[in-house]
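For the numbering used here, count along the sequence shown from 1 and bump the result up by 2. For glycine and all other residues, C-beta sits at the position ideal for the given N, C-alpha and C. Only one structure is covered here, and it is reproduced in the block below.
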Amino acid sequence: MTNDANNSLKRPESVDWQTLIISISVILLLSALLFLFPERGKKAIEIAFQFLTQRLGWLYIGFGILTILFLIGLALSPYRKIQLGPKGEPPRYSGWTWAGMLFSTGIGTALLYWGTIEWIDYYLNPPFDIEPKSTQAHQWAMSYGMFHWGLIGWGFYALSAVCFSHAYYVRKESSPSLANTCAPILKTAVHRWPGRLINVVFMIGLIGSASTGLGLTTPLIPESFKTFFGLEPSFGFTIGSIVLIITLIALSVSFGLDRGIKRLSNCNLVLMFAILGVVYFSGPTLAITKQGFESITFMVRQFPAMSGIYYPGENGAFTESWTIFYWAWWIAFGPFVGMFISKISGGRTLGQLIWGVLGYGTLGCMLCFIIFGGYASILEHQEGVEIIKTFNENRHAAVVLVMTSLPLGQWILPLFFLLCISFAATTYDSASYTLALAATRSTRSTRENQDPARWHRVLWAITLGILPLSILSIGGQSQVLVGLQTISVVVSVPMLMISILMTASFIKSLAERK
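Structure representation (structure tokens):
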């Protein structure tokens with residue numbers, strides 16, 4: 003019998019059944035309502051998105067700016083030397099493996115999708131009343147994607163990772179649950195209904211935000227099949243793709259952290275850098291490089307405007323549709339990624355954790371936007387390839403067209419297809435692993451490299467596929483996009499409040515150390 007099986011048999015009482023049952027029941031109910039009443043669901047989704055982005059947008063903008071300022075201050079303070087784990091303990095994972103696991107978990111296939119075509123949305127509908135399709139619109143378009151996937155977004159992840167790590171490694175909480183990170187303020191209430199409510203909200207938020215990425219990017223798989231094999235994609239094909247990914251997730255997560263997620267993350271990095279290298283060196287290398295440097299310079303110069311520090315009135319609709327959606331998505335996903343990063347960061351210091359998450363995450367995303375997005379833009383404006391026309395007809399087909407426009411593009415496409423599946427599997431098997439951790443009463447044994455029970459991890463892998471299938475059933479790419487954006491915004495509202503509570507608890511804990 004395997005160690006994992008032994009753990010499952012020896013620790014049946016470790017599963018928090020109330021949290022598990024409540025979370026799954028809520029997800030099943032929401033999914034059933036969306037599937038049975040798609041038209042009403044579509045209307046409710048549109049109303050919710052408009053209300054939340056218009057009324058609470060200032061809160062997201064302000065929290066993003068304060069998060070970065072707080073993290074930089076913390077990383078430069080004496081607290082940066084706080085050790086995560088026993089003093090002198092070496093890091094559990096090498097720098098390469100650690101970077102690969104945190105990066106793959108934090109972004110998934112969504113980066114391949116948005117990194118290639120996000121600039122088109124901004125080019126056609128630019129901010130600040132700029133004329134669409136103009137030179138100025140192109141400048142903003144090539145920079146805004148890097149901003150949305152850059153420092154502030156990864157800051158939300160780093161903030162959660164810091165709070166989880168301090169709670170588990172320094173305060174020695176019994177498990178890396180979200181409720182336990184709030185223990186300095188909630189005290190014994192973390193073991194009663196307030197703590198359970200926090201964990202349930204976290205799990206529902208994670209499933210909702212994970213559904214956004216899975217629902218948006220899964221259609222890339224049938225679209226790749228269509229181009230390579232000449233098969234016509236359908237809704238059934240998309241469902242089959244989600245089932246395929248969920249199956250791979252279940253298999254990977256069943257092997258645990260070291261044998262499954264670690265190896266898959268390493269494969270992701272190798273595949274991603276291989277494809278980035280092919281695009282960069284076989285494409286217009288100098289043009290991509292020049293455009294990339296110009297975009298970075300422009301983004302740095304316009305960072306205050308993009309952040310919403312000024313021009314809020316002239317940028318309202320754009321900010322509501324994009325920046326607030328992205329901050330909501332990062333915030334909703336943040337505790338999950340933070341919990342996972344905490345689990346793999348034993349042996350490091352708080353400073354290494356902060357700079358590693360901000361640095362590896364931001365630079366990795368910038369590379370994808372500069373190379374994939376830059377190449378797509380050059381194809382449209384210099385090579386005469388109709389990327390925008392294809393985008394208006396089918397967003398996922400536009401991504402595939404960019405890849406097939408490369409020399410030997412038909413053979414690059416299968417590699418891109420594998421990377422899509424691998425990234426999706428890594429992100430969501432990490433999510434399954436984290437959900438299993440969150441629904442476990444005590445995981446002190448995981449410090450000795452043991453995992454939650456295998457059946458528990460696989461159960462959450464299956465659960466992750468339910469909500470995106472329901473959202474995809476509402477039909478139409480624009481409706482699906484708004485639907486998935488709204489899920490992120492809705493689930494992020496309670497997560498934002500909990501994140502503030504978690505941060506306040508962390509600050510209180512630091513103050514008590516003095």
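6 Å CB neighbourhood of residue i in its chain, flanking five on each side removed
i, result
"residue 300", "141 and 145"
"residue 98", "none"
"residue 82", "352 and 353"
"residue 387", "381 and 407"
"residue 24", "202"
"residue 111", "219, 422, 425 and 426"
"residue 87", "171, 348 and 349"
Assigned secondary structure, residue i (DSSP; H/G/I helix, E/B strand, else coil)
i, result
"residue 85", "strand"
"residue 17", "strand"
"residue 111", "coil"
"residue 478", "With a pLDDT of only 48 at residue 478, under the threshold of 50, the placement of this residue in the model should not be trusted, and no figure is reported."
"residue 64", "helix"
"residue 447", "Low confidence applies to residue 447: its pLDDT is 48, below 50, so where it sits in the model is not reliable, and the reading given next is rough at best. It is helical."
Sequence-distant residues of the same chain with beta carbon closer than 7 Å to residue i, five excluded per side
i, result
"residue 77", "353, 356 and 357"
"residue 192", "181, 182, 184 and 185"
"residue 158", "69, 332, 333 and 336"
"residue 377", "281, 285, 290 and 404"
"residue 274", "421"
"residue 54", "491, 492 and 495"
"residue 107", "339, 342, 428, 429 and 432"
Presumed contact (8 Å Cβ cut-off) between residue i and residue j, rounded CB distance
i, j, result
"residue 329", "residue 66", "5 Å"
"residue 143", "residue 359", "With 8 Å as the limit, residue 143 and residue 359 do not qualify as a contact, their Cβ atoms being about 27 Å apart."
"residue 507", "residue 187", "5 Å"
"residue 124", "residue 135", "Wrong, their Cβ atoms sit about 11 Å apart, outside the cutoff."
"residue 393", "residue 129", "Actually they are not in contact, since the Cβ atoms of residue 393 and residue 129 sit about 19 Å apart, beyond 8 Å."
"residue 505", "residue 266", "Wrong, their Cβ atoms sit about 31 Å apart, outside the cutoff."
"residue 59", "residue 326", "5 Å"
Contact check, residue i vs residue j, beta carbons under 8 Å
i, j, result
"residue 284", "residue 372", "no"
"residue 149", "residue 363", "no"
"residue 498", "residue 61", "yes"
"residue 344", "residue 92", "no"
"residue 73", "residue 367", "no"
"residue 381", "residue 404", "yes"
"residue 277", "residue 421", "yes"
"residue 419", "residue 244", "no"
"residue 247", "residue 29", "no"
"residue 230", "residue 512", "no"
"residue 166", "residue 308", "no"
"residue 496", "residue 242", "no"
"residue 63", "residue 310", "yes"
Range of the contiguous alpha helix (DSSP H) that encloses residue i
i, result
"residue 410", "Segment: none, residue 410 is in no alpha helix (DSSP H) and carries neither H nor E."
"residue 186", "185-188"
"residue 459", "456-465"
"residue 346", "326-346"
"residue 157", "153-167"
"residue 272", "264-284"
"residue 289", "287-303"
"residue 359", "352-370"
"residue 383", "376-383"
"residue 391", "389-395"
"residue 149", "137-150"
8 Å CB neighbourhood of residue i in its chain, flanking five on each side removed
i, result
"residue 315", "In this prediction, residue 315 scores a pLDDT of 48, lower than 50, which makes its location untrustworthy; no coordinate-derived value is stated."
"residue 211", "331, 334, 335, 338, 489, 490, 493 and 494"
"residue 21", "198, 201, 202, 205, 440 and 441"
"residue 95", "103, 264 and 346"
"residue 292", "none"
"residue 249", "none"
"residue 375", "117, 118, 119, 120, 121, 144 and 147"
"residue 269", "424"
"residue 133", "139"
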